[in-house]
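Only one structure is covered here, and it is reproduced in the block below.
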Amino acid sequence: MRILWLCNFMPPAAARCLGQESTNKEGWLDGLMGQVLKRQKENGIVLAAAFPVSLRDGLIGDREAVFSRVLQVGEGTLHCYGFYEDTARPEQYDPGIERLMEKITADFGPDVVHCFGTEYPHTLAMCRAFPDKGRLLVGIQGLCAVYANTYFASMPGRVIRRITLRDFLKRDSIPRQKEKFAARGRMETEALGLAGNITGRTAWDRHYAKEWNPDAVYYGMNETLREPFYEGCWRKEECVPFSIFVSQGDYPVKGLHYLLLALPAIRERHPQVKVSVAGNCIVREGGLKEKLKISAYGRYLQELIERGGLKDCVEFLGKLNAAEMKERYQRSSLFVCCSTIENSPNSLGEAMILGMPCVSADVGGIPSIFRGGTDGILYRGFRTKENSFDNTCDSFDGHETELEEIVKGLTEAVLEMWSDTDKMLQYCKNARDHAEKTHDREKNYRKLTEIYADIQEKKKGVPQTQG
1 MRILWLCNFM PPAAARCLGQ ESTNKEGWLD GLMGQVLKRQ KENGIVLAAA FPVSLRDGLI
61 GDREAVFSRV LQVGEGTLHC YGFYEDTARP EQYDPGIERL MEKITADFGP DVVHCFGTEY
121 PHTLAMCRAF PDKGRLLVGI QGLCAVYANT YFASMPGRVI RRITLRDFLK RDSIPRQKEK
181 FAARGRMETE ALGLAGNITG RTAWDRHYAK EWNPDAVYYG MNETLREPFY EGCWRKEECV
241 PFSIFVSQGD YPVKGLHYLL LALPAIRERH PQVKVSVAGN CIVREGGLKE KLKISAYGRY
301 LQELIERGGL KDCVEFLGKL NAAEMKERYQ RSSLFVCCST IENSPNSLGE AMILGMPCVS
361 ADVGGIPSIF RGGTDGILYR GFRTKENSFD NTCDSFDGHE TELEEIVKGL TEAVLEMWSD
421 TDKMLQYCKN ARDHAEKTHD REKNYRKLTE IYADIQEKKK GVPQTQG
């Protein structure tokens with residue numbers, strides 16, 4: 001069985017073999033690929049991976065070329081295809097990518113094409129170019145179309161309308177960022193509408209899959225986490241008391257502003273509280289040149305830090321690899337997911353499988369992987385409305401706004417988690433047990449191979465829904 005994976009980034013295993021720099025994004029794909037390659041004699045899968053590359057990588061000479069190489073990865077063999085795509089502008093569709101997808105599929109001859117994610121134009125290009133939709137499998141990760149509707153994230157109208165010099169030069173204001181998500185959402189909606197088969201893992205993504213393509217076969221398949229998280233566990237006695245870890249906070253959907261607004265009240269109860277934020281740092285310190293690079297959202301975060309007197313209790317860590325992330329989870333006393341929308345964030349899964357205390361917004365697909373009152377604490381998060389500009393508030397409003405309600409719920413959830421050690425430790429045990437089932441590598445690997453076999457067998461057979 002010949003399986004072609006269409007990936008958003010060069011898989012780390014391929015990057016290592018090709019001497020290229022690997023990304024920290026989608027590291028879970030490396031573990032899944034390793035399982036498939038290690039067991040090729042057993043599963044009979046001939047695996048290929050196609051992924052975007054830049055002209056700077058030296059793998060392709062021009063935008064019309066396709067890089068092709070067969071690599072020995074551990075005990076297995078991986079066919080690699082690199083193609084040009086402007087990944088810095090994923091909201092712009094390039095029809096030329098369709099010809100590249102045709103070249104790749106003609107060369108490899110896949111029985112099944114598996115697209116990992118819908119966030120980039122190459123997925124739509126593949127869905128348009130590959131003729132047999134019954135052999136096309138599209139995996140949902142996030143959904144840009146839905147994310148766009150939450151993008152303003154209860155922020156004040158003055159913040160949404162603000163344009164910094166950086167935003168002006170890059171044409172990247174907050175409303176423009178929302179428009180970019182909406183443009184990506186239109187592409188992903190078409191891609192899912194063309195796919196004969198869809199994988200997802202939550203009630204939330206299943207709802208949208210069936211709404212956008214009722215004729216597609218929906219397969220439920222959980223994700224496998226990055227390798228380091230299957231060993232070790234969080235221990236209360238080894239963490240820094242009253243320390244909060246957030247895995248990302250560089251754009252409004254991640255909701256870092258909610259936590260910064262909650263922090264003064266949390267600090268009143270626990271003066272030693274500290275928040276550590278991983279990922280891209282958009283809060284600029286230093287000279288004038290650095291300050292000119294700040295975005296409107298970055299400036300808003302900076303204002304909240306200054307206004308709340310939080311400089312000494314908020315730190316930005318920058319990008320971390322899997323080992324560094326694991327260390328930070330284990331050093332922290334609480335993981336918080338404060339996003340306006342998520343499907344099933346791997347960061348929450350990583351925290352759960354390590355058995356650490358978790359607080360999360362009750363949004364999107366999160367309730368499918370995290371049981372409030374059992375695995376940790378869920379609080380009421382952002383609720384989508386028809387008019388996104390209505391999802392704002394002014395600091396002068398006398399009534400309790402949505403922003404204030406969310407901040408209040410988050411504050412209460414954090415304080416509740418730290419108020420009862422016995423209950424907290426029971427949450428930790430439950431979360432670990434739950435995550436070990438959700439992210440069971442062997443079970444998820446078996447499910448994946450079963451899906452491939454089912455698609456190959458039925459081709460364009462009568463659609464049905466799988467669990």
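Going by UniProt numbering, the first residue of the sequence shown is number 1, and it counts up by one from there.
Glycine residues also receive a C-beta, built at the ideal position from the N, C-alpha and C atoms.
Extent of the continuous alpha helix (DSSP H) to which residue i belongs
i	result
Val-159	157 to 161
Leu-347	Residue 347 is actually Ser in this sequence, not Leu. First-last of the alpha helix (DSSP H) with Ser-347: 346 to 353.
Leu-288	288 to 292
residue 473	The chain is shown from 1 up to 467; residue 473 falls before or after that span and cannot be answered.
Leu-403	402 to 417
Glu-327	322 to 331
Leu-304	296 to 307
Phe-168	165 to 170
Glu-102	96 to 108
Inter-residue Cα distance where the pair is residue i and residue j
i	j	result
Ile-377	Ala-361	9 Å
Arg-226	Tyr-93	31 Å
Met-155	Arg-166	20 Å
Asp-440	Leu-37	18 Å
Lys-210	Pro-271	48 Å
Tyr-218	Ala-191	14 Å
Met-101	Ala-278	35 Å
Ile-451	Gly-200	12 Å
Asn-8	Gly-117	7 Å
Gln-426	Ala-413	16 Å
Gly-74	Met-10	17 Å
Ala-15	Gly-82	11 Å
Leu-448	Gly-157	45 Å
Met-336	Tyr-258	Sequence inspection shows Val at residue 336; the Met mentioned does not correspond to that position. Using only the alpha carbons, I get a separation of about 11 Å.
Glu-91	Ile-163	20 Å
Asn-222	Cys-80	25 Å
Gly-365	Ala-435	15 Å
Pro-121	Glu-188	8 Å
Thr-202	Ile-369	8 Å
Gly-31	Thr-224	7 Å
Cys-127	Lys-133	7 Å
Glu-327	Phe-152	32 Å
Ala-453	Glu-64	33 Å
Closest residue to residue i among the options (Cα-Cα distance)
i	options	result
Ala-88	Val-53, Cys-239, Leu-288 and Thr-340	Val-53
Arg-432	Asn-444, Lys-443, Glu-442 and Asp-375	Asp-375
Gly-318	His-114, Asn-43 and Cys-281	Cys-281
Leu-194	Cys-428, Pro-131 and Met-352	Pro-131
Tyr-147	Val-253, Phe-382, Arg-206 and Ser-295	Val-253
Ala-125	Ala-435, Arg-162 and Ala-50	Ala-50
Lys-423	Asp-215, Leu-301 and Gly-372	Gly-372
Leu-313	Leu-263, Arg-69 and Asp-30	The question names Leu, but residue 313 in the sequence shown is Cys. It is Leu-263 whose Cα lies nearest to the Cα of Cys-313.
Arg-284	Arg-161, Ser-276, Ser-295 and Asp-62	Ser-295
Leu-143	Ile-174, Pro-175 and Lys-180	Lys-180
Leu-292	Asp-57, Leu-29, Ala-453 and Lys-170	Lys-170
Leu-304	Arg-328, Leu-256, Thr-384 and Thr-340	Leu-256
Gly-119	Ile-406, Gln-141, Ala-106 and Glu-42	The sequence shown places Glu at residue 119, not Gly. Comparing Cα-Cα distances from Glu-119 to each of Ile-406, Gln-141, Ala-106 and Glu-42, the minimum goes to Gln-141.
Cβ-based burial, residue i [other Cβ within 10 Å; buried from 16]
i	result
Pro-357	buried
Phe-168	exposed
Glu-85	buried
Arg-184	buried
Gly-196	buried
Ala-323	exposed
Gln-72	exposed
Arg-135	buried
Phe-396	Because Phe-396 carries a pLDDT of 34, less than 50, the predicted location of this residue cannot be relied on, and no value is offered for it.
residue 468	Given a span of 1 to 467 for the chain in the structure shown, any question on residue 468 remains unanswerable.
Gln-464	Note that Gln-464 has pLDDT 45, beneath the 50 cutoff, so the model's placement of it is unreliable and the number below is only indicative. Flag for Gln-464 reads exposed.
Ser-344	buried
Arg-176	exposed
Arg-299	buried
Gly-349	buried
Lys-274	buried
Ala-13	buried
Pro-110	buried
Element boundaries [beta strand (DSSP E), containing residue i]
i	result
Trp-5	2 to 6
Asn-444	Premise fails: Asn-444 lies in the alpha helix (DSSP H), 441 to 458, not in any beta strand (DSSP E).
Gln-40	Taken as a continuous stretch (DSSP letters only), Gln-40 belongs to no beta strand (DSSP E), being part of the alpha helix (DSSP H) at 40 to 43.
Pro-52	46 to 53
Tyr-81	76 to 84
Asp-362	358 to 362
Asn-197	197 to 200
Val-273	No beta strand (DSSP E) contains Val-273, which DSSP labels as neither H nor E.
Leu-59	That residue, Leu-59, is in no beta strand (DSSP E); it is neither H nor E in DSSP.
CB contact below 7 Å: residue i versus chain D
i	result
Leu-6	The chain labelled as chain D is not found in the depicted structure, where only one protein chain is given.
Review point. How about the stretch 229 to 247 and the stretch 199 to 215: do they share at least three Cβ pairs that are nearer than 8 Å?
Key: Judged by pairs of C-beta atoms under 8 Å, the stretch 229 to 247 does not touch the stretch 199 to 215, as fewer than three such pairs exist.
Check your understanding: Can we say the stretch 227 to 238 touches the stretch 344 to 357, given the rule of at least three CB pairs closer than 8 Å?
Key -> yes
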